[in-house]
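**Q** Sharing a structure below in structure tokens format, with a few things to ask.
Number of protein chains: 2
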Amino acid sequence: MQRTLSDIGYTTDEIALASMAKALSHPVRIRILQLLAGETCCFTGELTGLIPMAQSTISQHLKALLEAGLIQGEINPPKVKYCIHRENWNKARTLFGEFFAGETCGGCLC
Amino acid sequence: MQRTLSDIGYTTDEIALASMAKALSHPVRIRILQLLAGETCCFTGELTGLIPMAQSTISQHLKALLEAGLIQGEINPPKVKYCIHRENWNKARTLFGEFFAGETCGGCLC
DNA sequence: ATTGTTTATCGCAAATGAACGATATATAAA
DNA sequence: TTTATATATCGTTCATTTGCGATAAACAAT
């Protein structure tokens, strides 16, 4: 992703898929999302108790998920309530679903 | 992913999801997969003609997709026939599908 | 045997990512 | 006002990723 990205002309969906996939590309972020998605309501704090990593590291991962749009945080200092960002979550489901649905190679023997 | 990965105890699915997501985390790899998935049969070579990147770079991306199990290559030197790896492709669809399906937060206002 | 074609690998430079400890920030509680 | 709590940010270190050109490898064609 160094020099040439613009001159390839990716579609919006390609960019969106790639950046959401990047957000999912670390197991601890998968874990965090599962924890948030499994909550019946929004979620405050206990992540640092559930995941054996430095608080600053967890915070960084949350930031990455925020920037990817997959979660949202309601700031309420000193606490923050984190949730799945439902709209983008649904969009992600759709994009990944469509992506994996398009597989037309049925006939060849390879 | 430096020091602590083992002592968190990720599940197999968490690891699998994260590594497939990592393979999808670059737009050119999304593009390549779309090209392969759109072919009615396996695909030889023309990737270098379709994607304005150095041949070595494309080869590296193909290697990444191979190692993630998302494609397969039938070596037939000097050519190689690349395909979607259907079994793992379906597994990926299932894993991502289940992942995005599990979102129970319906009630709270956040 | 030589040449051409196609793909992979190597070696490098630059960028990004991941983890941590230390510190800052912002509020509630005392 | 001071202290405690929860979270974010900074700065550092090390590892990984990305891209390229150059080169190697494997075969087909001549």
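Chains as they are written, first to last, in this note's numbering: chain A, 1 to 110; chain X, 1001 to 1110. Where is the CB? At the ideal position from N, CA and C, for every residue including glycine. Treat the numbers as computed from the prediction; the structure is a model and nothing was measured.
Note down, in chain order, each residue of its chain lying with its Cβ closer than 7 Å to the Cβ of X/Glu1103, except the 5 sequence neighbours on either side.
**A** For the purposes of this step, residue 1103 of chain X is taken as the residue at position 103 of the second sequence. None.
**Q** Does the pairing of the region 7 to 22 of chain A with the region 62 to 74 of chain A give three or more beta-carbon distances under 8 Å?
**A** yes
**Q** Give a yes or no on whether the minimum CB-CB distance between A/Ser59 and chain X is below 9 Å.
**A** For this step, residue 59 of chain A is matched to residue 59 along the first sequence. Chain X, which has no Cβ nearer than 9 Å to the Cβ of A/Ser59, makes this no.
**Q** Any C-beta of chain X sitting closer than 9 Å to the C-beta of A/Ala92?
**A** Taking the first residue of the first sequence as 1, we reach residue 92 of chain A at position 92. True, the Cβ-Cβ gap to chain X drops below 9 Å.
**Q** Using 9 Å as the limit for Cβ to Cβ distance, is A/Leu17 near chain X?
**A** Residue 17 of chain A sits at position 17 when you count from the first residue of the first sequence. With 9 Å as the cut-off, A/Leu17 counts as an interface residue toward chain X.
**Q** Can you list the residues of chain A that X/Ser1025 reaches, using a CB-CB cut of under 7 Å?
**A** If you number the second sequence from 1, residue 1025 of chain X lands on position 25. Those are Ala18, Ala21, Lys22, Ser25, listed as they occur along chain A.
**Q** Could you give the distance in angstroms between the alpha-carbon of X/Thr1057 and the alpha-carbon of X/Tyr1082?
**A** Your numbering for residue 1057 of chain X matches position 57 in the second sequence. Your numbering for residue 1082 of chain X matches position 82 in the second sequence. Rounded to the nearest angstrom, the two C-alpha atoms are 16 Å apart.
**Q** How about X/Gln1034 and A/Phe96: are their beta carbons less than 9 Å apart?
**A** As a first step, residue 1034 of chain X must be located in the second sequence, where it is residue number 34. As a first step, residue 96 of chain A must be located in the first sequence, where it is residue number 96. Going by C-beta atoms, X/Gln1034 is not nearer than 9 Å to A/Phe96.
**Q** Strictly below 8 Å CB to CB, what residues from chain X border A/Ala68?
**A** Locating residue 68 of chain A in the first sequence gives position 68, counting from the first residue. What A/Ala68 touches in chain X: nothing, since even the nearest Cβ is about 11 Å away.
**Q** Please return the same chain residues whose Cβ sits closer than 7 Å to the Cβ of X/Arg1029, not counting the five positions on each side in sequence.
**A** Here residue 1029 of chain X refers to the residue found at position 29 when the second sequence is read from its first residue. The residues are Ala1023, His1061, Ala1064, Leu1065.
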